[in-house]
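Trainee: Numbering (this note's numbering), first residue to last: 3 to 319.
Think of the CB as a built atom: it goes at the ideal place given N, C-alpha and C, for glycine as much as any other residue.
The structure's right below; bear with me while I get my questions together.
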């Protein structure tokens, strides 16, 4: 149950019995002293209900706090590991160069590529942490304009098309009839890049496909992969802060922030994100954005509109 719901439940458990007790007391005084036993019984019942509901709510809130504390602890451990790994790789490769252990231009080029890859990994992690902190603090600046999603997807996918990772193949398909949207280009590039990066990490082979098309009076961006999938029981958690997929599904990368950032940015654009996943089949993350008109004030699609019929996957594990 959401925190707001728990708070309302707690207030109801206190206020309703109190008013009921007052009402019964007034009625009893109006009738006679013979009603004292009834009043006493009602008071005991009211306060018992308040105690039970209050205890339940307190237990639920404490459970939430403990869970968040555990996630934060895991996050610190994950970040420490993620920072040490590329730094150690850069140090080892740098020592090889400084000690003259690199022979020939081919080997030097290979070492250079490895250093660049590790440095990029470190930079991506630092930028993701800074971005998350800005979103949490509400200071993430957005310059929204009416524009096409084509250049957004091009910017987000170009690194994977120019420098393939040797695993999954990336394909991009954009429907020219897709409507323009009211977005901050940089933020939406981050959304698409995070989703593509998430899919590529879990696909050792096969195809990762990015599809842009019109849908439900807006535009949809689908990122499909053929990864391992994720159990249905984990679907509701994948956009939580610090969440990482179960150990047997995740790669060694990721601090549990990518999908949380994606969900925040999409929500700030008055859009919606959904994931559909079947273990052993693959994943489809779908971002829906309202078509550009005046600056939108809310998402216009109905909550029961289906974004996609494809099966899909998983988290920033």
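1) Name the DSSP beta bridge partners of residue 222, please?
2) As a quick exercise: from 183, 155, 188 and 264, pick the residue whose alpha carbon is nearest that of residue 200.
3) Is residue 212 closer than 7 Å to residue 159 when the C-beta atoms are compared?
4) Could you tell me the distance, in whole angstroms, from the CA atom of residue 86 to the CA atom of residue 95?
5) Taking the DSSP output, what are the residues bridged to residue 285?
6) Can you tell which of 61, 120, 217 and 67 has its C-alpha closest to the C-alpha of residue 88?
7) Is it the case that the Cβ atoms of residue 223 and residue 289 are separated by a distance below 7 Å?
8) If distances are taken between C-alpha atoms only, which option among 271, 135 and 113 comes closest to residue 189?
9) Beta carbon of residue 215, beta carbon of residue 170: below 7 Å?
10) Over the uninterrupted alpha helix (DSSP H) stretch that includes residue 270, give me the two end residues.
11) Between 194, 218 and 229, which lies nearest to residue 268 when the distance is taken from Cα to Cα?
12) Quick one: residues in its chain with C-beta nearer than 6 Å to the C-beta of residue 196, no 5 flanking neighbours on either side, listed in chain order?
13) Using a Cβ-Cβ cut-off of 7 Å (strictly less than) and excluding sequence neighbours within five positions of residue 163, which residues of its own chain qualify?
14) According to DSSP, residue 175 sits in a beta bridge with which residue or residues?
15) Expressed to the nearest angstrom, what Euclidean distance is found between the alpha-carbon atoms of residue 292 and residue 185?
16) For my contact list, residue 227 and residue 210 are in at a C-beta cut-off of 8 Å; report their separation, rounded to the angstrom.
17) What residue does the beta strand (DSSP E) around residue 186 start on, and which one ends it?
18) Any idea what DSSP makes of residue 149, helix, strand or coil?
19) How many Å lie between residue 220 and residue 131 at the Cα?
20) Sort 208, 146, 176 and 198 by Cα distance to residue 183 and report the nearest one.
21) Which value, in whole angstroms, describes the spacing of the CA atoms of residue 90 and residue 68?
Mentor: With the given structure in hand:
1) Note: residue 222 sits in a beta bridge opposite 215 and 290.
2) Nearest C-alpha to residue 200: 264.
3) Closer than 7 Å, so yes.
4) For the pair residue 86 and residue 95, the Cα-to-Cα distance works out to about 14 Å.
5) 227 and 279, per the DSSP bridge assignment.
6) When the alpha-carbon of residue 88 is set against those of 61, 120, 217 and 67, the nearest one is in 120.
7) Yes, the Cβ-Cβ distance between residue 223 and residue 289 is below 7 Å.
8) Taking only the C-alpha atoms, the option nearest residue 189 is 271.
9) Inclusion of residue 215 and residue 170 in the CB contact set at 7 Å is not warranted, their separation being larger than that value.
10) For residue 270, the enclosing alpha helix (DSSP H) starts and ends at 260 to 270.
11) With distances taken between Cα atoms, residue 268 lies closest to 194.
12) Answer for residue 196: 260 and 264, listed in chain order.
13) Here the set comprises 172.
14) Among the bridge pairs identified by DSSP, residue 175 is matched with 213.
15) Going from the Cα of residue 292 to the Cα of residue 185 covers about 10 Å.
16) At roughly 5 Å, the Cβ-Cβ gap stays under 8 Å, so residue 227 and residue 210 are in contact.
17) Per DSSP, the continuous beta strand (DSSP E) segment holding residue 186 begins and ends at 183 to 186.
18) Per DSSP, reduced to three states, the secondary structure at residue 149 is strand.
19) Taking the straight line joining both Cα atoms gives about 30 Å.
20) Of 208, 146, 176 and 198, the residue nearest in Cα terms is 146.
21) Going by C-alpha positions, residue 90 is about 33 Å away from residue 68.
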